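Novice:
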Amino acid sequence: MAKIGFIGTGIMGKPMAQNLQKAGHTLFFSEHFDKAPADLLGDNGIGLATPREVAQEAEFIIIMVPDTPQVEEVLFRKDGVAEGVGAGKVVIDMSSISPTATKVFAEKIKATGAAYLDAPVSGGEVGAKAATLSIMIGGCPNAFERALPLFQAMGKNITRVGGNGDGQTAKVANQIIVALNIQAVAEALLFAAKNGADPAKVREALMGGFAGSKILEVHGERMIKGTFDPGFRISLHQKDLNLALAGARELGLNLPNTANAQQVFSTCAAIGGSNWDHSALIKGLEHMANFSIRED
Numbered sequence: 001m002a003k004i005g006f007i008g009t010g011i012m013g014k015p016m017a018q019n020l021q022k023a024g025h026t027l028f029f030s031e032h033f034d035k036a037p038a039d040l041l042g043d044n045g046i047g048l049a050t051p052r053e054v055a056q057e058a059e060f061i062i063i064m065v066p067d068t069p070q071v072e073e074v075l076f077r078k079d080g081v082a083e084g085v086g087a088g089k090v091v092i093d094m095s096s097i098s099p100t101a102t103k104v105f106a107e108k109i110k111a112t113g114a115a116y117l118d119a120p121v122s123g124g125e126v127g128a129k130a131a132t133l134s135i136m137i138g139g140c141p142n143a144f145e146r147a148l149p150l151f152q153a154m155g156k157n158i159t160r161v162g163g164n165g166d167g168q169t170a171k172v173a174n175q176i177i178v179a180l181n182i183q184a185v186a187e188a189l190l191f192a193a194k195n196g197a198d199p200a201k202v203r204e205a206l207m208g209g210f211a212g213s214k215i216l217e218v219h220g221e222r223m224i225k226g227t228f229d230p231g232f233r234i235s236l237h238q239k240d241l242n243l244a245l246a247g248a249r250e251l252g253l254n255l256p257n258t259a260n261a262q263q264v265f266s267t268c269a270a271i272g273g274s275n276w277d278h279s280a281l282i283k284g285l286e287h288m289a290n291f292s293i294r295e296d
């Protein structure tokens with residue numbers, strides 16, 4: 001069983017850490033920002049003061065924090081991960097961050113003698129709890145093979161995409177697809193309801209056809225019931241689409257539908273919805289239409 005440092009025990013990170021503990025691994029948690037959740041501590045869960053101490057104790061160091069600046073801070077702050085790693089250790093960033101910054105971070109960590117994997121995930125809180133996450137990995141094959149049992153404790157669809165940065169690129173692509181699917185479902189249900197049809201019955205009818213999807217199944221139901229507790233917050237999806245649009249500018253690409261979905265998310269944020277689940281994108285469309293598919 002491995003000794004694993006785990007930094008970031010939020011909505012996604014905590015159940016991922018729990019699944020690693022269930023698999024028999026010992027985890028070390030950095031308490032430089034917040035105390036580790038009490039139910040993660042015990043015989044196979046130990047709190048330490050700094051990321052450096054965590055990195056010194058662990059063979060694998062997993063990071064699961066919200067955005068690029070937080071990853072950089074955990075890695076390279078005074079008493080950060082970079083001060084505690086060296087040959088034989090593997091740093092695994094499972095956050096969703098900039099592919100460009102990831103390549104820079106990877107080179108700095110590899111200069112210490114450690115290996116670096118970018119391994120963002122998809123599947124949300126439900127997938128994190130059920131250990132069914134999709135995990136998209138960038139990095140060298142040897143480090144990937146060493147870390148594979150850890151990934152298997154947290155997810156089901158595990159793919160090494162390529163070198164460092166390619167995992168994050170795949171995650172950005174994932175977030176484009178998810179956002180546009182959420183918007184498609186929201187627009188369809190709004191159209192149906194405004195036209196006098198029962199959106200719940202329309203969703204039921206569409207589930208059996210070519211329009212059927214996981215997003216129609218899960219997020220369509222959220223839209224109809226108005227249950228918008230995260231989940232995956234709109235503010236985080238905005239961050240991911242910002243990565244997509246910034247990357248598109250660097251590459252000379254036009255992503256018009258991605259830009260449009262970002263504008264609808266921005267409408268949600270403007271009416272107080274930054275912390276709603278991303279399925280609440282429909283509330284931005286409803287706001288613009290002055291019409292709700294629910295009786296609220």
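Residue numbers (full-length UniProt numbering): 1 to 296. Every residue, glycine too, gets a C-beta built ideally from N, C-alpha and C. All of these numbers come straight from a predicted model, not from anything done at the bench.
What do you reckon, are the CB atoms on T112 and G86 nearer than 7 Å?
Specialist: Yes, these two residues count as a Cβ contact at 7 Å.
Novice: Rounded to whole angstroms, what is the Cα-Cα separation between A114 and Q56?
Specialist: Going from the Cα of A114 to the Cα of Q56 covers about 12 Å.
Novice: Using a Cβ distance threshold of 8 Å, determine whether the region 190-204 contacts the region 153-163, with at least three qualifying pairs required.
Specialist: No, they do not touch.
Novice: In terms of residue numbering, what span does the alpha helix (DSSP H) encompassing N157 cover?
Specialist: Looking at the DSSP string, N157 is not in any alpha helix (DSSP H); the run it does join, the beta strand (DSSP E), is 155-162.
Novice: Contact defined as beta carbons within less than 8 Å: I believe P120 pairs with K156. What is the distance between those atoms, to the nearest angstrom?
Specialist: Their Cβ separation, rounded to whole angstroms, is 15 Å, which puts P120 and K156 out of contact at 8 Å.
Novice: Taking G45 as part of the beta strand (DSSP E), name the residues at either end of that continuous run.
Specialist: Element bounds for G45: 45-48.
Novice: I need the straight-line Cα distance from Q21 to S98, nearest angstrom please.
Specialist: Their backbone Cα atoms lie some 29 Å apart in a straight line.
Novice: Could you check the C-alpha separation between K194 and N254 for me, to the nearest Å?
Specialist: Cα-Cα distance, rounded: 32 Å.
Novice: Per DSSP, I7 forms a beta bridge with which residues?
Specialist: Note: I7 sits in a beta bridge opposite I63.
Novice: Per the DSSP calculation, R233 is bridged to which residue(s)?
Specialist: Paired residue(s): D277.
Novice: Hey, would you say V74 sits closer than 7 Å to I135, going by beta carbons?
Specialist: No. Outside cutoff.
Novice: Which whole-angstrom value is the C-beta distance of G24 and K35, which I expect to be below 8 Å?
Specialist: Not a contact, Cβ separation roughly 24 Å.
Novice: Which partner residues of I135 appear in the DSSP bridge assignment?
Specialist: Answer by DSSP bridge pairing, in chain order: V121, I158.
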